[in-house]
Amino acid sequence: MTIGSKVGLIERIRDHSAVVGVIGLGYVGLPFAVEKAKVGFRVIGVEQNPTRAAQVNAGQNYIGDVRDEDLRDLVSRGLIRAETDFELVPEMDVIVVCVPTPLTKNLTPDLNYIEAVTREVAGRLRPGQLVSLESTTYPGTTEEVMLPILSSSGLKAEEDFFLVHSPERVDPGNKRYTTKNTTKVVGGVGPASLEIGQAFYAQTIDKVVPLSSAKAAELVKVYENTFRAVNIALVNELTLLCDRMGLNVWEVLAAAFTKPFGIMPFWPGPGVGGHCIPLDPHYLEWKAKELNFNTHFIALAGEINRRMPEFVREKAHRLLNQLGVAPSRAKVLALGVAYKRDLDDPRESPAVEVMKLLRADGVELTYHDPHVPSLRDRELAMESQPLTDTLVSSQDLVIILTDHTRIDCAWVVQHAKHVLDTRNATQRVREHRERITLL
Ligand code: SAJ
Numbered sequence: 003m004t005i006g007s008k009v010g011l012i013e014r015i016r017d018h019s020a021v022v023g024v025i026g027l028g029y030v031g032l033p034f035a036v037e038k039a040k041v042g043f044r045v046i047g048v049e050q051n052p053t054r055a056a057q058v059n060a061g062q063n064y065i066g067d068v069r070d071e072d073l074r075d076l077v078s079r080g081l082i083r084a085e086t087d088f089e090l091v092p093e094m095d096v097i098v099v100c101v102p103t104p105l106t107k108n109l110t111p112d113l114n115y116i117e118a119v120t121r122e123v124a125g126r127l128r129p130g131q132l133v134s135l136e137s138t139t140y141p142g143t144t145e146e147v148m149l150p151i152l153s154s155s156g157l158k159a160e161e162d163f164f165l166v167h168s169p170e171r172v173d174p175g176n177k178r179y180t181t182k183n184t185t186k187v188v189g190g191v192g193p194a195s196l197e198i199g200q201a202f203y204a205q206t207i208d209k210v211v212p213l214s215s216a217k218a219a220e221l222v223k224v225y226e227n228t229f230r231a232v233n234i235a236l237v238n239e240l241t242l243l244c245d246r247m248g249l250n251v252w253e254v255l256a257a258a259f260t261k262p263f264g265i266m267p268f269w270p271g272p273g274v275g276g277h278c279i280p281l282d283p284h285y286l287e288w289k290a291k292e293l294n295f296n297t298h299f300i301a302l303a304g305e306i307n308r309r310m311p312e313f314v315r316e317k318a319h320r321l322l323n324q325l326g327v328a329p330s331r332a333k334v335l336a337l338g339v340a341y342k343r344d345l346d347d348p349r350e351s352p353a354v355e356v357m358k359l360l361r362a363d364g365v366e367l368t369y370h371d372p373h374v375p376s377l378r379d380r381e382l383a384m385e386s387q388p389l390t391d392t393l394v395s396s397q398d399l400v401i402i403l404t405d406h407t408r409i410d411c412a413w414v415v416q417h418a419k420h421v422l423d424t425r426n427a428t429q430r431v432r433e434h435r436e437r438i439t440l441l
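Count along the sequence shown from 1, add 2, and you get the number used in the working numbering.
What follows is the structure, encoded as structure tokens:
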């Protein structure tokens with residue numbers, strides 16, 4: 003059975019008769035499930051949220067990066083189904099784990115999802131299965147956390163079951179780079195796992211890069227996101243400096259990015275949102291500390307990026323004072339609450355942080371976001387207001403927090419008293435430039 007489990011598994015992967023399990027049908031798991039089903043794999047999703055599981059089984063898509071008709075077609079052909087429990091794990095030849103890896107309040111890794119899922123799988127593991135962790139996590143999670151739990155089944159890694167880390171590289175909303183054409187990195191707990199992991203991903207991804215270990219693959223991903231967090235923090239720090247120097251940081255950066263080599267465009271903003279960039283680098287920071295090593299760049303980047311909402315509040319106060327309006331009596335319209343352009347996701351959104359700060363100052367705040375009809379969390383319960391000339395002209399200040407392409411900035415400026423633009427969304431507006439203040 004040992005040989006059978008490896009050779010048989012690779013054969014089932016190659017002829018697409020393998021059954022693929024996807025644990026977690028979110029912004030990573032559902033697009034992944036669709037890609038695998040499109041080439042003929044039968045996919046069983048395990049989704050803890052019964053509403054989402056029911057939506058999948060009804061062919062109702064809820065992820066922007068998935069085409070509605072693809073999901074509907076694949077479900078109707080029986081190639082994708084969703085369960086809310088792990089009973090079908092023994093049917094799966096490949097089990098791909100795409101669950102969240104949040105941070106605790108003091109920025110330490112919260113592996114509860116990964117551990118809980120791994121225990122459920124371990125309880126049903128059988129020879130001839132490949133397990134792949136796609137969630138972003140600190141280097142060592144696959145080998146030091148998942149492997150012992152799976153081995154507690156009594157099965158042997160590299161003989162009975164196989165284990166790899168292959169970090170997801172989904173860029174929500176990116177139309178150019180999809181799950182299929184984004185190069186994939188894979189690292190195994192041993193050579194057999196790596197061989198099977200490579201064979202599996204090669205079925206639907208144009209380029210697969212093998213690494214020497216699962217730990218290396220985990221570090222690749224955390225480095226990628228740290229690279230972004232540090233570079234975003236650098237332009238945000240430059241923004242704070244330009245504010246003191248009376249310089250336009252957008253002009254300076256646009257000129258710097260005319261250099262054809264040795265530089266890469268990053269832009270300032272009201273802070274950094276999403277479920278990756280604000281969080282993932284702190285996984286590396288935490289692991290490095292365990293090894294008595296301080297990752298200064300990560301800590302500093304996080305500090306600067308987390309400071310930006312306060313800077314936007316400060317700039318809004320300055321503008322309101324110049325306009326002769328006390329913040330506690332001001333009417334302010336926030337344009338865009340999603341964490342980034344043309345998405346409907348307000349998770350960890352810096353715009354929401356800015357809104358909470360202004361509300362705490364007594365500002366009468368409303369928001370409009372064409373992608374986010376309502377906001378609900380412990381401190382905020384608001385509905386998006388229709389963007390009318392009456393609403394805009396009645397505000398003391400309009401703050402552009404997310405540069406959704408659907409918002410007509412020229413029209414907004416035409417009807418606004420003043421606009422604080424934290425995304426340079428008004429860069430092509432020619433009329434009434436005197437009503438615009440950039441971050
Ligand atoms: N942001 C800036 N300035 C920039 C770039 C981004 O302020 O120059 C802000 C955005 O507005 C947003 C936040 O940073 O609030 C994060 O934006 P993002 O596009 O870097 O991050 P995500 O979470 O949407 O997706 C990223 C992916 N993005 C890119 O590579 C472009 C990718 O790194 C990961 O696959 C994904 O995180 C993940 O899942 O890790």
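Here a beta-carbon is modelled for each residue, glycine too, at the ideal position from N, C-alpha and C.
Since the model is a prediction, treat every value here as computed from it, not as a measurement.
task = Compute the Euclidean distance between the alpha carbons of L132 and D17, then round it to the nearest angstrom.
result = 16 Å
query = From this set, V191, L377, A412 and R230, which residue's C-alpha is nearest A303's C-alpha?
reply = R230
Residues near R83 in its chain [Cβ-Cβ closer than 8 Å; skip 5 each side] = V45, I46, G47, V58, N59 and V77
Identity of the residues DSSP links to H167 by a beta bridge = L135 and G189
inquiry  = Below 6 Å, is the gap between the Cβ of N63 and the nearest heavy atom of the ligand SAJ?
reply    = no
task = Check whether the Cβ of N227 lies closer than 6 Å to any heavy atom of the ligand SAJ, and answer yes or no.
result = yes
query = In whole angstroms, what separates the C-alpha of G248 from that of S351?
reply = 28 Å
ask   = How would you label F163, buried or exposed, when you count the other beta carbons within 10 angstroms and need 16 or more for buried?
value = buried
request  = Take the Cβ of T390 as the centre, count every other Cβ of all protein chains shown within 10 Å, and call the residue buried at 16 or more, exposed below.
outcome  = exposed
query = Are the CB atoms of P141 and K333 nearer to each other than 7 Å?
reply = no
task = Apply the 10 Å Cβ neighbour rule to K261 and answer buried if 16 or more other Cβ atoms are within range, or exposed otherwise.
result = exposed
key: Cβ neighbours of Q205 in the same chain (closer than 8 Å, five flanking residues each side left out)   = I15, R16, H18, K38, V41 and F43
inquiry  = Per the DSSP calculation, I105 is bridged to which residue(s)?
reply    = Inspection of the sequence shows that residue 105 is occupied by Leu rather than by Ile. L105 pairs with P111.
key: V237 classed as buried or exposed, judged by whether at least 16 other C-beta atoms fall within 10 angstroms   = buried
ask   = In whole angstroms, what is the alpha-carbon distance linking Q50 and D87?
value = 7 Å
request  = Answer yes or no: do T144 and T103 have a C-beta to C-beta separation smaller than 7 Å?
outcome  = no
ask   = Hey, how far is the Cα of L440 from the Cα of Q429?
value = 9 Å
message = My assumption, with CB atoms under 8 Å, is that A216 sits in contact with V191. Please give the rounded CB distance.
response = 6 Å
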